[in-house]
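First comes the structure, then the notes that go with it.
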């Protein structure tokens, strides 16, 4: 049994350290390229070289942020005693880097439906569930517009009539979201809750979101599973498949039924799904 | 070789990806490099090969179709000035195509190039961060040597294009990776939904449902996700597992 406890701890810590080292190398390399372009900027075609230098500087910043996130995770993993209930989450470090305990990462499909979620704590996960269930919220908006979305206080309830009041009832007063941008598309959003009044919080969030997109979710060293921390809502999808057969409806409609039930019962979609799977909840009429 | 500075500047803008809305894409940049370097250097023809990864098949562009076919064949033969230059990362200086060196080193390339009306060749490396990623091949038909300022300007064009080409390549690679990630995640969703549908239809456990799906896909040589999608849409029932 002891073999299972904390399984993979040292392996994952070592993996994170190696990724950090490679990210630092890439950062150094990009910084060297930036310097080279800055020297060239002083000669022919100055503006273009300056443009390239700026791109390399941003790239270096990205890799450096990524290295720090990996190092933070490696440290947490090494310090972890192996109790599964307190297994470190990669997202904890992401939240910390943004100056808050609560951060949520959502990967979305082209229709902005949630495909994969990861969060640092209970409030951020609850907020993510609300977006999933209600189909509106800051991650959705940031992903649609490709721009950061910020709202606080009353503005939260005005902007999202269903999600807003539900979010503030969790005690959350401010939300800040940055899109996960790639060239020509957006693969999701990073949201932080109650980040406080730190200087440049929105800028920090954008840098962290870019670092996650370019080096953690995509790229040669990518791990979109976030060290097994990503949740694909497998049991909700399974329950939707079951319900579509029982209720003789399309799977999208079955999914909508599960979400509606979760909202009216004040339960997580996973809790509703588990009851459908074990047969204790019948949502199909006549079944 | 005299060129008005404003023309030169506009060429650099073009090679940096400017001049048109949206990202230009690697093929467009390669075509621009061959076209503009032929004009600026006043040579008979130019060609470019570009292979950003060591495993990538080189992409080829040329200022005329005959030369493009020759360079494509040269890649298959693994011979010719472009091949040598791309491999070594070193400039290949002015070489007469009817000379002994050319005919011995490039027994297939040299005669074809001569038939296309080219008498001399030189090749300049396209330099990437970690080594050569391609070559710019200059083909001349006059006795004017491919040396001095002409080679220097050619190398500047190649260096400038290299930066844009590599960035554009990175952008394209990123786009592919994003699409692959979304695809993988979406596949996972439909497979879970199909598992659920089968558990409801045949009173199976989710694991048994997956075994049925995988077994059906294998025995019918079909993609698991395709089978799963048809199950979810109610168009296919792979049935219960056989005892």
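Chains as they are written, first to last, in the working numbering: chain A, 328 to 614; chain B, 84 to 326. Idealized CB from N, CA, C, for every residue including glycine.
TODO: Could you tell me whether any Cβ in chain A is nearer than 9 Å to the Cβ of residue 148/B?
DONE: Taking the first residue of the second chain as 1, we reach residue 148/B at position 65. Closer than 9 Å: no.
Open item on the list: Going by C-alpha to C-alpha distance, which of 322/B, 248/B and 287/B sits closest to residue 136/B?
Closed with: Against the second chain, residue 136/B aligns to sequence position 53. When only C-alpha atoms are compared, the closest one is 248/B.
TODO: Would you decide whether residue 339/A is buried or exposed? Buried here means 16 or more other CB atoms lie within 10 Å of its CB.
DONE: Taking the first chain and counting its residues from 1, one reaches residue 339/A at position 12. It counts as buried.
Open item on the list: Looking at chain B, is there any beta carbon in it that lies within less than 9 Å of the beta carbon of residue 331/A?
Closed with: Here the question's residue 331/A lines up with position 4 in the first chain. Confidence is the limiting factor: at residue 331/A the pLDDT is only 45, short of 50, which leaves the residue's position unreliable and the question unanswerable from this model.
Task: Residue-chain proximity (residue 268/B, chain A), Cβ-Cβ < 9 Å - done: The residue you call residue 268/B lines up with position 185 of the second chain. The Cβ of residue 268/B sits closer than 9 Å to at least one Cβ of chain A.
TODO: Please compile the residues from chain B whose C-beta is within a distance smaller than 8 Å of the C-beta of residue 561/A.
DONE: Here residue 561/A refers to the residue found at position 234 of the first chain. Those within 8 Å of residue 561/A in chain B are 271 and 275.
Open item on the list: Within 9 Å of any Cβ in chain A, is that where the Cβ of residue 284/B sits?
Closed with: Residue 284/B sits at position 201 when you count from the first residue of the second chain. The C-beta of residue 284/B comes closer than 9 Å to at least one C-beta of chain A.
Open item on the list: Can you tell me which residues form a DSSP beta bridge with residue 142/B?
Closed with: If you number the second chain from 1, residue 142/B lands on position 59. In the DSSP output, where bridge partners are listed per residue, residue 142/B has 133/B.
Task: Runs of alpha helix (DSSP H) wholly within the segment 543 to 612 of chain A (minimum 4 residues, chain order) - done: Secondary structure within the segment 543 to 612 of chain A: the alpha helix (DSSP H) runs of 4 or more consecutive residues, fully enclosed, are 561 to 573, 578 to 592 and 596 to 604 (chain order).
Open item on the list: Relative to the C-alpha of residue 139/B, which candidate in 145/B, 215/B and 146/B has its C-alpha closest?
Closed with: The residue labelled residue 139/B in the question sits at position 56 within the second chain. Sorting 145/B, 215/B and 146/B by C-alpha distance to the C-alpha of residue 139/B places 215/B at the top.
TODO: Name, please, each residue of chain B whose Cβ falls closer than 8 Å to the Cβ of residue 458/A.
DONE: Here residue 458/A corresponds to residue number 131 of the first chain, with the count starting at 1. None at all; the shortest Cβ gap to chain B is about 17 Å.
Open item on the list: I'd like to confirm the pairing. Which residues does DSSP put opposite residue 203/B in its beta bridges?
Closed with: One-based indexing of the second chain puts residue 203/B at position 120. In the DSSP output, where bridge partners are listed per residue, residue 203/B has 179/B and 223/B.
- [ ] Compile a chain-ordered list of the residues in the segment 279 to 312 of chain B whose CB is closer than 7 Å to at least one CB of chain A.
- [x] Under the 7 Å Cβ criterion, the segment 279 to 312 of chain B contributes 279, 280, 282, 283, 284 and 289.
TODO: Use the C-beta contact count for residue 163/B: other C-beta atoms within 10 angstroms, 16 or more gives buried, fewer gives exposed.
DONE: In the second chain, the residue the question calls residue 163/B occupies position 80. With a threshold of 16 other beta carbon atoms within 10 Å, residue 163/B meets it and is buried.
- [ ] Give the residues of chain B in contact with residue 572/A, contact being defined as C-beta atoms less than 7 Å apart.
- [x] By 1-based counting over the first chain, the position of residue 572/A is 245. Within chain B, the residues near residue 572/A are 280, 283 and 284.
Open item on the list: Please tell me whether residue 345/A has its Cβ less than 9 Å away from any Cβ of chain B.
Closed with: As a working mapping, residue 345/A is identified with position 18 in the first chain. Not a single C-beta of chain B is nearer than 9 Å to the C-beta of residue 345/A.
TODO: Check residue 289/B in the structure and name its three-state DSSP category.
DONE: Within the second chain, residue 289/B is the residue found at index 206, counting from 1. In the structure shown, residue 289/B sits in a helix (DSSP, three-state: H, G or I).
Task: Contact set for residue 330/A: own chain, Cβ-Cβ below 6 Å, skip 5 residues either direction - done: Reading the first chain from its first residue, position 3 is the one you call residue 330/A. Reliability fails at residue 330/A, whose pLDDT of 43 lies under 50, so the model's placement of it is uncertain and no value is given.
Open item on the list: Strictly under 9 Å for the Cβ-Cβ distance: is residue 509/A near chain B by that measure?
Closed with: For this step, residue 509/A is matched to residue 182 along the first chain. It does; some Cβ of chain B falls within 9 Å.
TODO: Rounded to whole angstroms, what's the CA-CA distance from residue 430/A to residue 259/B? Just pull it up for me.
DONE: Locating residue 430/A in the first chain gives position 103, counting from the first residue. Locating residue 259/B in the second chain gives position 176, counting from the first residue. Counting only the Cα atoms, residue 259/B lies some 27 Å from residue 430/A.
Task: Assigned secondary structure, residue 501/A (DSSP; H/G/I helix, E/B strand, else coil) - done: What you label residue 501/A is simply residue 174 of the first chain in a count that begins at 1. The answer is strand: DSSP assigns residue 501/A an E or B state.
Task: Alpha-carbon to alpha-carbon, residue 273/B and residue 572/A - done: Position 245 of the first chain, counting from 1, holds the residue named residue 572/A. Position 190 of the second chain, counting from 1, holds the residue named residue 273/B. Just so you know, the alpha carbons of residue 572/A and residue 273/B end up roughly 14 Å apart.
Task: Bridge partner(s) assigned by DSSP for residue 364/A - done: Position 37 of the first chain, counted from the first residue, corresponds to residue 364/A. None; residue 364/A has no bridge partner.
Task: Backbone CA spacing between residue 405/A and residue 610/A [nearest angstrom] - done: Along the first chain, one-based indexing puts residue 405/A at 78. Along the first chain, one-based indexing puts residue 610/A at 283. Between the alpha carbons of residue 405/A and residue 610/A lies a gap of roughly 45 Å.
Open item on the list: Using beta carbons (cut-off 9 Å, strictly below), is residue 379/A in contact with chain B?
Closed with: Taking the first chain and counting its residues from 1, one reaches residue 379/A at position 52. Yes, residue 379/A counts as interfacial toward chain B.
Open item on the list: For residue 260/B, would you say it is in contact with chain A, using Cβ-to-Cβ distances shorter than 9 Å as the test?
Closed with: The residue you call residue 260/B lines up with position 177 of the second chain. Yes - at least one Cβ of chain A is within 9 Å of the one on residue 260/B.
Task: At least 3 beta-carbon pairs within less than 8 Å: the segment 256 to 270 of chain B vs the segment 145 to 165 of chain B - done: Taking a contact to require three or more Cβ pairs closer than 8 Å, the segment 256 to 270 of chain B and the segment 145 to 165 of chain B do not qualify as touching.
Task: Residue interval of the alpha helix (DSSP H) (run including residue 157/B) - done: Along the second chain, one-based indexing puts residue 157/B at 74. That run of the alpha helix (DSSP H) goes 148 to 160.
Open item on the list: Tell me which residues share the same chain as residue 292/B and place their Cβ nearer than 7 Å to its Cβ, disregarding the 5 neighbours each side in the sequence.
Closed with: Within the second chain, residue 292/B is the residue found at index 209, counting from 1. Excluding the 5 residues flanking it on each side, residue 292/B has same chain C-beta neighbours closer than 7 Å at 278, 281 and 282, in chain order.
Open item on the list: Check for me: the alpha helix (DSSP H) holding residue 168/B runs from which residue to which?
Closed with: Locating residue 168/B in the second chain gives position 85, where the first residue counts as 1. Note, residue 168/B: alpha helix (DSSP H), 164 to 171.
Task: Buried versus exposed call for residue 132/B [16 or more other C-beta atoms within 10 Å across all chains shown] - done: On the second chain, residue 132/B is found 49 positions in, with the first residue counted as 1. So residue 132/B ends up on the buried side.
- [ ] Just mark residue 376/A as buried or exposed, buried being the case when its beta carbon has 16 or more other beta carbons within 10 Å.
- [x] Taking the first residue of the first chain as position 1, residue 376/A is located at position 49. Around the beta carbon of residue 376/A, 16 or more other beta carbons sit within 10 angstroms, so the residue counts as buried.
Task: Partner residues on chain B for residue 593/A, Cβ-Cβ distance less than 7 Å - done: Locating residue 593/A in the first chain gives position 266, counting from the first residue. At a C-beta separation below 7 Å, residue 593/A has no neighbours in chain B, since its nearest C-beta there lies roughly 24 Å away.
Open item on the list: For the structure I just gave you, are there three or more beta carbon pairs, one from the segment 297 to 309 of chain B and one from the segment 582 to 601 of chain A, closer than 8 Å?
Closed with: A contact between stretches requires three or more CB pairs, one per stretch, nearer than 8 Å, and the segment 297 to 309 of chain B fails this requirement with the segment 582 to 601 of chain A.
- [ ] Would you please verify whether the beta carbon of residue 318/B is less than 9 Å from any beta carbon of chain A?
- [x] Taking the second chain and counting its residues from 1, one reaches residue 318/B at position 235. For residue 318/B, the answer is no, since every Cβ of chain A falls outside 9 Å of its Cβ.
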